[in-house]
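Q: If you scroll down you'll find the structure; I have some questions about it.
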Amino acid sequence: MQSSPFSHLNDQQRQAVTAGLGQTLVLAGPGSGKTRVLTERIAYLVRDLAVRPYHILAVTFTNKAAREMQSRVEQTLGDPCRDLWLGTFHSVCARMLRREAAVLPFDSNFVIMDADDQDTLVKRVLKELNVNDKLYRASGVHAAISNAKNNLMQPKDYPRRNYRDEVIARVYERYQQMLLQSNALDFDDLLLWTVRLLQENPDVVERYGRRFEHVLVDEFQDTNTAQYLLLKLVSSYHQNLFVVGDEDQSIYRWRGADYRNVLRFEQDFPEAKKILLEQNYRSTQTVLDAARAVIDRNPHRTPKHLFTDRGSGERLVLFEAADDHSEATYVVDLIGQNMAGDRKAGSRFAVMYRTNAQSRLLEEAFLRSGLPYRLVGAQRFYGRREVKDLICFLRLVANPADEVSLNRTINLPPRGIGDKTIQSLQAAAQRAQTTPGAALLELAAKGERSAAFTALGGRGAAMLLDFARLLAGWMEAARQEPLPALFDRIVTETRYEAYLRDGTEEGEDRWNNVQELRKLAYEYQDRGLGPFLENLALVSDQDTLPEDVTAPTLLTLHAAKGLEFDNVFIIGLDEGLLPHSRSLDDPEEMAEERRLFYVGMTRARNRLYLVRSRQRSSYGSTEFSEPSRFLQDIPSALLEERGAQRRARSTRPSEVQASWARWETPVPAPRSPQIIPPPPPAPKVVQQQYRPGMRVRHPIWGEGLVVESRVLDGEENVDVAFESVGFKRLLASLARLETV
DNA sequence: GCGTTACATATTTTT
DNA sequence: TATGTAACGC
35 MQSSPFSHLN DQQRQAVTAG LGQTLVLAGP GSGKTRVLTE RIAYLVRDLA VRPYHILAVT
95 FTNKAAREMQ SRVEQTLGDP CRDLWLGTFH SVCARMLRRE AAVLPFDSNF VIMDADDQDT
155 LVKRVLKELN VNDKLYRASG VHAAISNAKN NLMQPKDYPR RNYRDEVIAR VYERYQQMLL
215 QSNALDFDDL LLWTVRLLQE NPDVVERYGR RFEHVLVDEF QDTNTAQYLL LKLVSSYHQN
275 LFVVGDEDQS IYRWRGADYR NVLRFEQDFP EAKKILLEQN YRSTQTVLDA ARAVIDRNPH
335 RTPKHLFTDR GSGERLVLFE AADDHSEATY VVDLIGQNMA GDRKAGSRFA VMYRTNAQSR
395 LLEEAFLRSG LPYRLVGAQR FYGRREVKDL ICFLRLVANP ADEVSLNRTI NLPPRGIGDK
455 TIQSLQAAAQ RAQTTPGAAL LELAAKGERS AAFTALGGRG AAMLLDFARL LAGWMEAARQ
515 EPLPALFDRI VTETRYEAYL RDGTEEGEDR WNNVQELRKL AYEYQDRGLG PFLENLALVS
575 DQDTLPEDVT APTLLTLHAA KGLEFDNVFI IGLDEGLLPH SRSLDDPEEM AEERRLFYVG
635 MTRARNRLYL VRSRQRSSYG STEFSEPSRF LQDIPSALLE ERGAQRRARS TRPSEVQASW
695 ARWETPVPAP RSPQIIPPPP PAPKVVQQQY RPGMRVRHPI WGEGLVVESR VLDGEENVDV
755 AFESVGFKRL LASLARLETV
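If you count by our numbering, then the first sequence holds residues 35 to 774, one letter each, in order.
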C-alpha cells in the first residue's frame with residue numbers, strides 16, 4: 035500500500051523528517067504532528083541513514099512524552115532500540131552526572147531534592163543566617179536562587195546590586211553548601227552541574243560530543259538558558275541539532291523557560307534550516323481562526339497560518355454566567371446533556387481553568403449532577419505528607435548525609451526528639467567534622483558507652499540512640515533484603531500505621547496512599563532502592579494518575595498542553611483571572627497569559643466553549659469582574675453568544691438556557707461605574723460596507739479576508755486577516771480598503 | 001516536647 | 001474560604 039515510506043506525511047513534515055545534517059528548527063503549530071515528526075526522524079536516521087541508536091540523543095520535558103516517543107520509535111522500527119538515549123532533560127542529566135561523578139564534588143549516589151525539599155532547605159538557611167523571613171519570604175528567595183541556577187550563576191556570580199541581592203547571595207551560598215554536604219542536588223542543579231561538567235572537562239564534552247551524532251529536542255520553546263547551553267555542548271562535535279517547538283505554546287516562563295531561545299537558535303546557527311508545520315490535524319478551521327486572532331496580537335513571534343482540511347465546524351460558544359456557581363453548573367449541565375446518558379462519552383469533554391482553586395465549584399457541580407469526573411493535578415500523590423514521609427525514610431537509608439530527610443523523619447512519629455535535641459546533634463556533628471547522619475550511625479555502632487553519647491547527654495541521647503539503631507538496622511536491611519521488605523520494616527518499626535490510622539476517614543485515605551507507594555516499591559524490587567528514589571524524584575504525578583478514560587477531565591490550562599479533546603470548556607475568562615491579576619503590569623507576563631489561553635483553545639477538536647462570570651467569590655468575598663480582554667480579540671462572526679445579556683433579549687430560551695436558568699441567582703444592581711455591563715451597541719449611523727468572507731486589499735498589507743465587521747460609535751470596525759501580517763482591526767473610514 | 005489557637009496568605013508547577 | 005505556619009501555654 036505504502037509506495038513511499040513517507041506517504042503518510044505532508045510536505046512540510048517530510049521535509050523536516052528527512053532534513054539533512056546540521057541544525058534544524060521545526061516550528062510546529064498545535065496539532066501539526068510534531069511528535070510524529072520527531073519519531074519519524076529518529077526512525078529515518080536509524081533505518082535510512084544507518085545511524086546506530088547508540089549515537090542518538092533525544093530529549094523531552096516530560097516522562098510521558100519520552101515514553102510515548104520511545105514506544106512509537108519501537109513501533110516504527112519494529113525494534114526495542116535499547117541503545118537509544120531518550121529521556122527528559124533531568125533524567126539525562128542525572129544519568130550523566132552519576133557516570134561522571136569522579137570529577138564532581140558529590141557522590142554518584144546523590145539524592146535529588148524536589149521543590150518541597152528546596153523550600154525546606156531555604157527556610158532552614160534563612161533561620162540559620164537570622165534573615166528576617168517576613169521580608170525575605172522563602173518562596174521568593176527560592177525563586178531567586180532557582181533563577182540564578184537556570185542562568186548558570188553560582189553564588190559568587192550572583193549580582194549584588196542592592197541589599198536584597200546581598201542577602202540572597204548569602205543564602206544561596208549557604209544553601210548550596212548544605213546541598214553538597216547532604217550529597218544532594220536539586221532539580222536545577224541537575225542541569226547546572228551537567229553544563230559545568232561539560233564546560234570544564236574537555237575530555238568529557240568530547241566523549242559525549244562524539245557519541246551523540248544526532249541530538250533531537252521536543253518542546254524547544256520551553257528550554258531555559260542552562261538547557262540551551264547543554265544542547266549546544268552536547269551537539270558541539272557533530273553539530274546535528276534538531277529542535278521542535280512553538281513559541282506560541284511557551285507557558286513556563288516563570289520557571290526560567292525562554293521562548294527567545296528560538297530566536298537565539300536562529301542567530302547562533304544562521305545556516306540552520308527552518309521548517310514551519312502549519313497543517314493542523316486536530317481542530318476545525320473556526321477554532322483555528324479564533325485562536326489565531328488571539329495569538330496574532332503577541333509580538334516577537336513567527337506568524338503562522340494554521341489550516342485544516344477538517345472544515346469550518348461550529349462557532350465558538352461564549353457564555354456569560356451570573357456568578358461562579360452558575361458558571362460551573364452551566365458547564366456541568368451542558369456536558370450532562372451532551373453525553374445524553376452515554377457514560378463513555380464523558381472522555382470527550384474537558385474543562386480548563388487558570389487556577390486550581392477554580393476546580394472546586396466544578397467538582398461540587400459534578401457531584402450534584404451525579405456525573406463522574408477526572409481531576410488532573412490538584413493534589414499531588416508524591417506531595418502528600420504520608421507519602422513524602424516514607425520517601426524521606428528511604429532517602430535517608432540510601433544517603434544518611436541527607437539532612438532534609440533526617441530532620442523530617444527523626445521525630446516521626448513523635449518520639450521525643452525535639453528541636454533542642456536535634457540542635458545538639460547538629461552541634462556534635464559539626465564538632466566532629468561530620469554530618470548529623472554519620473554521627474548518628476557512629477552512635478549506633480558504639481552505643482551508650484561512646485564519648486559521643488555522653489557528650490550529647492541525658493534523655494535526648496537515649497532517644498537519639500533509639501533512632502540511630504533503627505536507621506542502622508534499615509541500612510543493613512537495604513543491603514540484605516529486597517526493597518518491599520525494607521519498606522515494611524520501616525513502616526513496622528516506626529509504628530507508622532498506628533500513627534496514621536487514627537480512626538478518621540482521612541487516616542484511612544492516608545494509609546491507602548502508603549499502600550500505593552508500597553506497590554510501587556514492589557515493582558522496583560529488581561532494580562533496588564537507588565533507581566526507585568530517582569524515579570520518585572523525576573517522575574511526575576500525571577504518570578501515575580488512575581486513568582478513567584470515560585469521564586470528563588478537569589485540569590488547569592498548564593496541564594492541558596499536549597492534550598486534545600472533542601469539546602473544550604475554558605472557564606473564568608475574566609480580567610484578573612485570565613489574564614491573571616499578577617501579570618497585569620508586565621507585558622511579557624501578559625503575553626504569556628495570552629499564550630496560555632491559546633494553548634487552551636487549540637486543545638479543542640470540534641467545539642470550544644468560552645465561559646465567564648459577572649461576579650465571583652475569591653478568598654471569601656464576592657467581587658464583580660469584567661470580561662477578559664482576550665475575548666475582544668475573537669471576531670464575533672466566530673462566536674455564538676449565550677448567557678445573561680443574550681437571554682434577556684431572546685424570546686424563546688433554548689433548552690440549555692432554561693436548564694441553567696434554574697441555578698441562576700439574581701444579579702445585584704451594579705453600584706459603581708466600572709461594573710456596569712457594556713452599553714448596548716450604538717445605533718447604526720453608518721451603513722456597513724464589509725461583510726465576513728469578503729476579500730479586500732489594503733495599500734500596505736495587501737490582500738486579506740474580512741473576518742468580521744461591526745458598527746461601533748458610528749464607525750465601522752473591520753477585522754481583516756491579511757496574508758502578510760495576519761490579523762488587524764481597522765476603521766473602514768480611515769483604512770483605504772478596496773474590495774477585490 | 002507537644003498540642004492548641006491565632007494569624008497571615010493566597011498562580012501556573014513538565015522535573 | 002481554607003490552609004499552613006508561628007507563637008503560646010501546658
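Note that the Cβ used here is the ideal one computed from N, Cα and C, for glycine as well. Quick caveat: nothing in here was measured; it's all calculated off a predicted structure.
#1: Work out the CA separation of residue 637 and residue 314 for me, nearest whole Å.
#2: Taking residue 596 as the reference, give the member of 602, 568, 633 with the closest Cα.
#3: Determine the direct distance from the alpha carbon of residue 466 to that of residue 590, and round the result to whole angstroms.
#4: Pick out whichever of 731, 423, 295 has its Cα sitting closest to the Cα of residue 442.
#5: In whole angstroms, what separates the C-alpha of residue 122 from that of residue 725?
#6: Going by DSSP, name the residue or residues bridged to residue 5.
#7: Between which two residues does the alpha helix (DSSP H) carrying residue 122 extend?
#8: Would you call residue 136 buried or exposed, if buried means 16 or more other Cβ atoms sit within 10 Å of its Cβ?
#9: Keeping to the same chain, check which residues put their C-beta closer than 6 Å to that of residue 471; ignore five residues upstream and five downstream.
#10: Note the first and the last residue of the continuous beta strand (DSSP E) segment covering residue 674.
#11: Can you check whether the CB of residue 674 is closer than 8 Å to the CB of residue 351?
#12: Excluding the 5 residues flanking residue 333 on each side, which residues of the same chain have their C-beta closer than 8 Å to its C-beta?
#13: Please report the residue range of the beta strand (DSSP E) in which residue 649 lies.
#14: Given 8 Å as the limit, is there contact between the segment 91 to 105 and the segment 223 to 232, that is, 3 or more CB pairs closer than that?
#15: Please specify which runs of the beta strand (DSSP E), each continuous and at least 3 residues long, are wholly inside the segment 540 to 619, giving them in chain order.
#16: Between residue 248 and residue 90, which are expected to be in contact by the criterion C-beta below 8 Å, what is the C-beta distance as a whole number of angstroms?
#17: Relative to the alpha-carbon of residue 508, which residue among 534, 568, 478 has its alpha-carbon at the smallest distance?
#18: Roughly how many whole angstroms lie between the Cα atoms of residue 446 and residue 613?
#19: How is the beta strand (DSSP E) around residue 658 delimited, first residue to last?
#20: Whole beta strand (DSSP E) runs in the segment 191 to 230 with 3 or more residues, listed along the chain?
#21: Take residue 241 as the anchor and find which of 218, 269, 219, 386 has the nearest alpha-carbon.
#22: Could you tell me if residue 222 is buried or exposed, where buried requires 16 or more neighbouring beta carbons within 10 angstroms of its beta carbon?
#23: Mark residue 657 as exposed unless 16 or more other C-beta atoms lie within 10 angstroms of its C-beta, in which case mark it buried.
#24: Buried or exposed, going by whether 16 or more other CB atoms sit within 10 Å of the CB of residue 227?
#25: Name the one or two DSSP bridge partners that residue 146 has.
#26: Are residue 486 and residue 506 closer than 8 Å when you measure CB to CB?
#27: So, helix, strand or coil for residue 538, using DSSP?
#28: Please work out which residues of its chain come closer than 7 Å, Cβ to Cβ, to residue 325, disregarding the five sequence neighbours upstream and downstream, and give them in chain order.
#29: Do you know offhand how far residue 738's Cα is from residue 375's?
#30: Note down the Cα distance separating residue 571 from residue 146, rounded to an integer number of angstroms.
#31: Just the C-alpha distance for residue 773 and residue 177, rounded to the nearest angstrom, thanks.
#32: Who are the near neighbours of residue 343 in its chain, counting only those whose CB is closer than 7 Å to its CB and skipping five residues on each side?
#33: By how many angstroms is the C-alpha of residue 199 removed from the C-alpha of residue 165?
#34: What's the gap between the Cα of residue 417 and the Cα of residue 111?
#35: Between the Cα of residue 98 and the Cα atoms of 125, 182, 173, which residue gives the shortest distance?
#36: Check the DSSP bridge columns for residue 409 and list the partner residues they point to.
A: Taking the definition as stated:
#1: 11 Å
#2: 633
#3: 50 Å
#4: 423
#5: 49 Å
#6: Because residue 5 is not part of the residues shown, which for the chain are 35 to 774, the question remains open.
#7: Careful: residue 122 lies outside any alpha helix (DSSP H), inside the beta strand (DSSP E) at 119 to 122.
#8: exposed
#9: 434, 435, 440
#10: 673 to 677
#11: yes
#12: 625
#13: 649 to 652
#14: no
#15: 587 to 590, 599 to 604
#16: 5 Å
#17: 478
#18: 43 Å
#19: 655 to 658
#20: 218 to 220
#21: 269
#22: buried
#23: exposed
#24: buried
#25: 219
#26: no
#27: coil
#28: 632, 635, 636
#29: 45 Å
#30: 6 Å
#31: 54 Å
#32: none
#33: 13 Å
#34: 38 Å
#35: 125
#36: 588
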